[in-house]
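Residue numbers for the sequence shown follow this note's numbering, so the first one is 10 and each next one is one higher. The structure appears right after this line, and notes come after that.
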Amino acid sequence: MAGGTPDTNSRAIPSAWTAMDSGASIQEALEALETYKKKDGAKVVVRFKAVGNAPIMKQNLYKITASNRFQAVIQFLRKELGWKAGDPLFTYINLAFAPAPDDTVSNLFKSFATDGHLIVNYSTTAAWG
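As structure tokens, this is what we get:
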């Protein structure tokens, strides 16, 4: 700022941010969000297996929407077992690890499916770390 006048060159808007381009990029962003929001109707087969003293389910094979988060599987399992939210429930994939509730069922299925099923082991106590 020489002589008290503002230096307009130091505050120039980058060319990528000009108003001319913003309409197209906003539209592209909105289209991408709409595509992301659409739920995939694909289903995966989940096999529930009891571990330790957990009750055994009469039916253990279910088809679950692949785009669901694993949290939906946990809630479904609680409902099927008749357990309240405060009752202890530990879930594992293939007797190995506890998935994060925000993992998607499709990602778990793609990575850890066995014989076309996603095997979910459940227990009332911590079985594996």
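C-beta: ideal position from N, C-alpha, C; glycine also.
Starting from the Cα of Leu-104, find the closest Cα among Ala-51, Val-60, Leu-42 and give me that residue.
For the purposes of this step, residue 104 is taken as the residue at position 95 of the sequence shown. Comparing Cα positions, the closest option is Val-60.
Arg-87 - partner residues in DSSP beta bridges:
Sequence index remark: in the sequence shown, residue 87 carries index 78 (1-based). Arg-87 is not bridged to any residue.
Using the rule of at least 16 other Cβ atoms within 10 Å of the residue's Cβ for burial, across every protein chain shown, is Phe-79 buried or exposed?
Here residue 79 refers to the residue found at position 70 when the sequence shown is read from its first residue. When all chains shown are included, Phe-79 counts as buried.
Starting from Asn-116, follow the alpha helix (DSSP H) in both directions and report where the run begins and ends.
Here residue 116 is taken as the residue at index 107 of the sequence shown, counted from 1. Residues 114 to 121.
Does the stretch 85 to 99 come close enough to the stretch 112 to 125 that 3 or more CB-CB pairs lie under 8 Å?
no
Inter-residue CB distance, Phe-99 and Ala-75 (contact presumed, cutoff 8 Å):
Stepping through the sequence shown from its first residue, residue 99 is reached at position 90. Stepping through the sequence shown from its first residue, residue 75 is reached at position 66. Not really, about 23 Å apart at Cβ, beyond 8 Å.
Contacts around Met-66, its chain only, beta-carbon distance under 8 Å, and the 5 residues preceding and following it disregarded:
Locating residue 66 in the sequence shown gives position 57, where the first residue counts as 1. Within the same chain, Met-66 has close Cβ partners Phe-57, Ala-59, Glu-89, Leu-90.
Looking at the strands, I want to know which residues DSSP matches up with Ser-132.
Translated into the one-based positions of the sequence shown, residue 132 becomes position 123. Ser-132 is bridged to Phe-99.
Do Ile-73 and Ile-102 have their beta-carbon atoms positioned less than 8 Å apart in this structure?
Residue mapping note: residue 102 aligns to position 93 of the sequence shown, counting from 1. Residue mapping note: residue 73 aligns to position 64 of the sequence shown, counting from 1. No; because the gap between Cβ atoms is not below 8 Å, this pair is not in contact.
When Lys-93, Val-55, Asn-77 are compared against Asn-130, the one with the closest alpha-carbon
Counting from 1 along the sequence shown, the entry for residue 130 is found at position 121. Considering only alpha carbons, the answer is Val-55.
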